[in-house]
Amino acid sequence: MTAPGPQIGSPIGVIAGGGALPFAVADAVQARQMTPLLIGLRGFCDPNEIARYRHHWISIGQFGRLKRLLRAEHCRDVVFIGSLIRPALTSVRLDWGALRVLPSVMAAYRGGDDHLLTSIGRIFEREGFRLHGVKDVAPELLMPPGELTRIAPDAGHRTDIARGRAVLAALSPFDIGQAVIVIEGHVVAVEDIGGTDALLANLARLRAQGRIAGKPGRGVLVKAPKSGQDLRFDLPTLGPRTIEGVAAAGLAGIAVAAGNTLVAEPQAMIAAADRAGLFVTGVAE
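Just so you know, we're using our numbering here: the sequence shown kicks off at -16 and counts up by one.
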């Protein structure tokens, strides 16, 4: 187990959105004999799970409160992790600390998700905090190269994977999504603001309506971060729920960027994929 670099101090602030990943990061930090300090985002972070750790709560827009909490806890090093739905700026109640940086926040909202997250990261850094990615604090949560499952992709699947990676690379400048579905050489769906679960659910509906020509058991979900993306934020993620969606959509498996994709609940995910006869593979960049 590799220790975080010397530039990372304890406690490590974990700004926690939804899902299981914030707690997996916290457990990895504890396994390194360091202290995680969880800051739960109201409406997203699981209140039952966060109770297991030292924690505080904030609402989106409480930048001033967040700064005060981190400084009171002598926490300079921070990681953002967990699912989060981008709110409309008009619906966010900004505290005084956020109002002080409002011009920067408004400028951040004028771009896509990657632009927004990177801009917010710069705001934090200007306030003296050091932002890190999961690769820095919990690299064991990232997808390794090669297959995790008993089944491996065949030559046809690998052709689809290459096509999917090329499509994602071409779409990267437009900051659209991090996933695409390719079936026997045909790009049939690209991730949008609805995310991967909605992408797979829509494909399952189209297949049920007879609008997908490819037979079940072919096709690949391909996921990768955008070219030039700040890899401290919003990495592609897969877990047991992704497996359920891929199986329901009638695909053969999943290919993701090794080293730059988060794996939630890996043991449960691998078991689910093996039961469904799907492959999960990490592709080296």
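Beta carbons are placed, not taken as given, at the ideal position from N, Cα and C, and that holds for glycine.
Where DSSP assigns a beta bridge to residue i, which residues make up the other side?
i: residue 240; result: 266
i: residue 129; result: 265
i: residue 220; result: 245
i: residue 6; result: DSSP, once it has assigned bridges, lists no residue as partnering residue 6.
i: residue 308; result: Outside the displayed span of the chain (-16 to 268) sits residue 308, for which this structure offers no information.
i: residue 19; result: -5
i: residue 12; result: None, per the DSSP bridge assignment.
i: residue 253; result: BP columns for residue 253 are empty, so no partner.
Quick one: is the Cβ of residue i within less than 6 Å of any heavy atom of the ligand GTP?
i: residue 217; result: Within the structure as shown, the ligand GTP is missing, as the structure has no ligands at all.
Within 10 Å of its beta-carbon, does residue i have 16 or more other beta-carbons around it, so buried, or fewer, so exposed?
i: residue 30; result: exposed
i: residue 174; result: buried
i: residue 157; result: exposed
i: residue 9; result: buried
i: residue 143; result: buried
i: residue -15; result: Any answer about residue -15 is weak, because its pLDDT of 42 lies below 50 and its placement is not dependable; what the coordinates show is given next. Looking at its Cβ environment, which holds fewer than 16 other Cβ atoms inside 10 Å, residue -15 is exposed.
i: residue 16; result: exposed
i: residue 222; result: buried
i: residue -5; result: buried
i: residue 148; result: buried
Out of curiosity, what's the CA-to-CA distance linking residue i and residue j?
i: residue 135; j: residue 171; result: 22 Å
i: residue 168; j: residue 138; result: 12 Å
i: residue 59; j: residue -8; result: 7 Å
i: residue -3; j: residue 22; result: 6 Å
i: residue -11; j: residue 112; result: Residue placement at residue -11 cannot be trusted, given a pLDDT of 44 that sits under 50; the coordinates are not used to answer.
i: residue 18; j: residue 12; result: 7 Å
i: residue 280; j: residue 179; result: Beyond the ends of the chain as shown, which are -16 and 268, falls residue 280; an answer cannot be given.
i: residue 131; j: residue 262; result: 8 Å
i: residue 150; j: residue 163; result: 8 Å
i: residue 250; j: residue 126; result: 12 Å
i: residue 146; j: residue 267; result: 15 Å
Look up residue i in the DSSP assignment and say whether it is helix, strand or coil.
i: residue 215; result: coil
i: residue 57; result: coil
i: residue 202; result: coil
i: residue 136; result: coil
i: residue 208; result: coil
i: residue 112; result: coil
i: residue 275; result: Any answer about residue 275 is impossible in this case: the structure gives the chain only from -16 up to 268.
i: residue 155; result: helix
i: residue 176; result: coil
i: residue 162; result: strand
i: residue 234; result: coil
i: residue 226; result: helix
i: residue -13; result: The predicted position of residue -13 is uncertain, since its pLDDT is 44 and thus under 50; a value taken from the coordinates is nonetheless stated next. In the structure shown, residue -13 sits in coil (DSSP, three-state: anything other than H, G, I, E or B).
i: residue 103; result: helix
List the whole-angstrom C-beta distance separating residue i from residue j, where the pair is believed to meet the contact cut-off of C-beta under 8 Å.
i: residue 245; j: residue 165; result: No, residue 245 and residue 165 are not in contact; Cβ-Cβ is about 22 Å, not under 8 Å.
i: residue 235; j: residue 200; result: 6 Å
i: residue 66; j: residue 2; result: 5 Å
i: residue 124; j: residue 7; result: 6 Å
i: residue 160; j: residue 264; result: Contact flag wrong, Cβ pair sits at about 20 Å.
i: residue -1; j: residue 64; result: 7 Å
i: residue 37; j: residue 20; result: 6 Å
i: residue 219; j: residue 206; result: 4 Å
i: residue 133; j: residue 257; result: 5 Å
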